[in-house]
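Asks: Chains as they are written, first to last, in my numbering: chain S, 19 to 189; chain B, 35 to 300. Positions of the beta carbon are idealized from the N, C-alpha and C atoms, including for glycine.
#1: State the Cα-Cα distance for the pair residue 157 of chain B and residue 124 of chain S, rounded to the nearest angstrom.
#2: Assign residue 244 of chain B to one of two classes, buried (16 or more other C-beta atoms within 10 Å of its C-beta) or exposed (fewer than that).
#3: Could you tell me whether the Cβ of residue 62 of chain B comes closer than 7 Å to any Cβ of chain S?
#4: Can you check whether the C-beta of residue 241 of chain B is within less than 7 Å of a C-beta belonging to chain S?
#5: Across which residues does DSSP place residue 276 of chain B in a beta bridge pair?
#6: Residue range of the beta strand (DSSP E) that residue 182 of chain B falls in?
#7: Just mark residue 80 of chain S as buried or exposed, buried being the case when its beta carbon has 16 or more other beta carbons within 10 Å.
#8: Verify the CB distance criterion: does residue 99 of chain S have a CB-CB separation below 7 Å to chain B?
#9: Going straight from the alpha carbon of residue 25 of chain S to that of residue 36 of chain S, what length do you get?
#10: When the Cα of residue 254 of chain B is compared with those of B:227, B:206, B:270, which residue comes out closest?
#11: Residues bridged to residue 292 of chain B by DSSP?
#12: Determine the closest residue to residue 133 of chain S out of S:61, S:38, S:68, with distance taken between C-alpha atoms.
#13: What does DSSP give as the partner residue(s) for residue 68 of chain B in the beta ladder?
#14: Should residue 242 of chain B and residue 193 of chain B be called a contact, given that it needs their Cβ atoms to be closer than 7 Å?
#15: According to DSSP, simplified to helix, strand and coil, what is residue 26 of chain S?
#16: Looking only at its chain, what residues have a beta carbon closer than 8 Å to the beta carbon of residue 282 of chain B, apart from the 5 residues adjacent to it on each side?
#17: Residues of the region 167-197 of chain B with a CB closer than 8 Å to any CB of chain S: list them in chain order, please.
#18: Quick check: what's the CA-CA separation for residue 22 of chain S versus residue 109 of chain S?
#19: Which residues share a DSSP beta bridge with residue 232 of chain B?
#20: With 7 Å set as the bound, which would you pick, yes or no: does the beta-carbon of residue 66 of chain B sit closer than that to a beta-carbon of chain S?
#21: Taking only beta-carbon atoms, is residue 224 of chain B less than 7 Å away from chain S?
#22: Exposed or buried, which one is residue 144 of chain B when buried takes at least 16 other CB atoms within 10 Å?
#23: Which whole-angstrom value is the C-beta distance of residue 216 of chain B and residue 230 of chain B, which I expect to be below 8 Å?
#24: Are residue 38 of chain S and residue 178 of chain S close, meaning C-beta to C-beta below 7 Å?
#25: Taking residue 157 of chain B as part of the beta strand (DSSP E), name the residues at either end of that continuous run.
#26: Pairing CB atoms from the region 133-146 of chain S with CB atoms from the region 104-120 of chain S, are three or more of them under 8 Å?
#27: Run through the DSSP bridge pairs and tell me what residue 218 of chain B is partnered with.
#28: Any idea what DSSP makes of residue 193 of chain B, helix, strand or coil?
#29: Residues in its own chain within less than 8 Å of residue 67 of chain B by CB, not counting five upstream and five downstream?
#30: Could you check where the beta strand (DSSP E) with residue 245 of chain B kicks off and where it finishes?
#31: Among B:247, B:105, B:50, which residue has its Cα nearest to the Cα of residue 292 of chain B?
#32: Verify whether the separation of the beta carbon atoms of residue 149 of chain B and residue 290 of chain B is less than 7 Å.
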């Protein structure tokens, strides 16, 4: 419960911010669950992880590791998976994002995408190892596909959320 | 960094507890109250889009599908007439033997929600939960066969583990010979394999596999699939049998939840 109040009720002005963050997460959860044709299945971007990464990189004071952990628990229940796997993955992403936050923001776009690709590759492999340990990582190359589509989408997600935050005046 | 360590340790704890036991299911059902509406929202959107698609479907295909449905209905009702006669005869014979059997099971109609679950399990989400009579372990069928069993429930939705999941095992028997076996899912493809079938078993490709009702989770007598491969490796004690499920695991939307407590005598 402490992590909640840490994120959301710090100042009076962060009310809009909390609503905005919740809305973005809602959309990300929805996108994560929309059925895709089977050939696109291994190219599904990690929407929730992208949104979490965006908020942690840009607002590490507002959205930290603990909130990412809580988001992960919700995502686990949403997916019907083992409780804690996404929580671990998302808190790992949040940890890297807080550590590299300042440096990441001055990277050019292309380098940002490459950073996201590497980070998400680790995240996806990590998840697939927790889910079934004995299946080969490269079965179907699905981790590379998911990480690649997330990295390609990163530029657009970042651009879109930048515009939205400017309009909603998150700061 | 310290926060991450705390979170990592917590995650490892919940993962190991949740993989081995069902102690965390109460937490899961509490969080589901928040999360299920999103499931329903996505399903509603997909349903709206597919409704629009159906609406603009050509008249010709509609007439064709109505025709085929009518013939199918006729065939099924003919079968059902014979079934009721057989049921009566069976009940009469059973009373002669002195062992009553309950044929009619309690059935709940459910619908698979159009959402994708990215969880490492082969599973689907249905729109019936604990409030509408679903419970963990309940069997799920579609019109053509056994589909899976309920893995966890929340108030208004449940997760169903499909029979093709590698962690799922289903007691079955071969309809023609009565040979009993266990059907286990597979990691990569949507087929089942029969375990512990002796090499000298009399089986052939095309044999119908039905649920045996042993284990008391699944009601007996429902079709599970057809044998598509039967191979004997020299030196191995058991044969390799591959079964294609008869339930349409990727397409069916309307499903039945069957209570197994009334499955009768096995």
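Replies: So, from the listed chains and residues:
#1: Indexing the second chain from 1 puts residue 157 of chain B at position 123. Indexing the first chain from 1 puts residue 124 of chain S at position 106. Going by the C-alpha atoms only, they are around 42 Å apart.
#2: Within the second chain, numbered from 1, the residue matching residue 244 of chain B stands at position 210. Burial call: buried.
#3: In the second chain, residue 62 of chain B corresponds to position 28, counting from 1. Chain S, which has a Cβ nearer than 7 Å to the Cβ of residue 62 of chain B, makes this yes.
#4: The residue you call residue 241 of chain B lines up with position 207 of the second chain. No - not a single Cβ of chain S is within 7 Å of the one on residue 241 of chain B.
#5: Indexing the second chain from 1 puts residue 276 of chain B at position 242. BP columns for residue 276 of chain B point to B:227, B:263.
#6: Along the second chain, one-based indexing puts residue 182 of chain B at 148. Its beta strand (DSSP E) spans residues 179-187.
#7: For this step, residue 80 of chain S is matched to residue 62 along the first chain. By the neighbour-count rule (16 or more Cβ atoms within 10 Å), residue 80 of chain S is buried.
#8: Start at 1 with the first residue of the first chain, and residue 99 of chain S comes out as number 81. At least one chain B Cβ lies under 7 Å of residue 99 of chain S.
#9: Looking up residue 25 of chain S in the first chain gives position 7. Looking up residue 36 of chain S in the first chain gives position 18. Low local confidence applies: a pLDDT of 42 at residue 25 of chain S is under 50, so the model's placement there is unreliable, and no value is given.
#10: Reading the second chain from its first residue, position 220 is the one you call residue 254 of chain B. Per the Cα distances, B:206.
#11: In the second chain, residue 292 of chain B corresponds to position 258, counting from 1. Bridge partners of residue 292 of chain B: B:141, B:173.
#12: Here residue 133 of chain S refers to the residue found at position 115 when the first chain is read from its first residue. Checking every option, the nearest Cα to that of residue 133 of chain S belongs to S:68.
#13: The residue labelled residue 68 of chain B in the question sits at position 34 within the second chain. BP columns for residue 68 of chain B are empty, so no partner.
#14: By 1-based counting over the second chain, the position of residue 242 of chain B is 208. By 1-based counting over the second chain, the position of residue 193 of chain B is 159. Taking 7 Å as the Cβ cut-off, residue 242 of chain B and residue 193 of chain B do not qualify as a contacting pair.
#15: Taking the first residue of the first chain as 1, we reach residue 26 of chain S at position 8. Only weak support exists for where residue 26 of chain S lies, its pLDDT of 43 falling under 50; the coordinates are left without a value.
#16: Locating residue 282 of chain B in the second chain gives position 248, counting from the first residue. 176, 178, listed in sequence order.
#17: 185, 186, 193
#18: Numbered from 1 along the first chain, position 4 holds the residue referred to as residue 22 of chain S. Numbered from 1 along the first chain, position 91 holds the residue referred to as residue 109 of chain S. Per-residue confidence for residue 22 of chain S stands at a pLDDT of 42, beneath the threshold of 50, marking its modelled position as unreliable; the derived number appears in the next sentence. Those two C-alpha atoms are separated by around 15 Å.
#19: Within the second chain, numbered from 1, the residue matching residue 232 of chain B stands at position 198. DSSP lists B:272 as partners of residue 232 of chain B.
#20: For this step, residue 66 of chain B is matched to residue 32 along the second chain. Chain S contact via Cβ: present.
#21: In the second chain, counting from the first residue as 1, residue 224 of chain B sits at position 190. No, residue 224 of chain B lies away from the interface with chain S (no Cβ there is under 7 Å from its Cβ).
#22: Taking the first residue of the second chain as position 1, residue 144 of chain B is located at position 110. Buried: at least 16 other Cβ atoms inside 10 Å.
#23: Stepping through the second chain from its first residue, residue 216 of chain B is reached at position 182. Stepping through the second chain from its first residue, residue 230 of chain B is reached at position 196. That belief holds up - the Cβ atoms of residue 216 of chain B and residue 230 of chain B are roughly 6 Å apart, short of 8 Å.
#24: Taking the first chain and counting its residues from 1, one reaches residue 38 of chain S at position 20. Taking the first chain and counting its residues from 1, one reaches residue 178 of chain S at position 160. No, they are not a contact pair.
#25: One-based indexing of the second chain puts residue 157 of chain B at position 123. Unbroken beta strand (DSSP E) run through residue 157 of chain B: 157-160.
#26: yes
#27: To locate residue 218 of chain B, count along the second chain from 1; it is residue 184. DSSP lists B:203, B:227 as partners of residue 218 of chain B.
#28: Your numbering for residue 193 of chain B matches position 159 in the second chain. In this structure, residue 193 of chain B counts as strand in the three-state DSSP scheme.
#29: Along the second chain, read from residue 1 onward, the residue named residue 67 of chain B stands at position 33. Answer for residue 67 of chain B: 188, 189, listed in chain order.
#30: Start at 1 with the first residue of the second chain, and residue 245 of chain B comes out as number 211. Per DSSP, residue 245 of chain B belongs to the beta strand (DSSP E) from 242-245.
#31: What you label residue 292 of chain B is simply residue 258 of the second chain in a count that begins at 1. Among B:247, B:105, B:50, the Cα nearest to that of residue 292 of chain B is on B:247.
#32: In the second chain, counting from the first residue as 1, residue 149 of chain B sits at position 115. In the second chain, counting from the first residue as 1, residue 290 of chain B sits at position 256. No, Cβ-Cβ distance for residue 149 of chain B and residue 290 of chain B is not below 7 Å.
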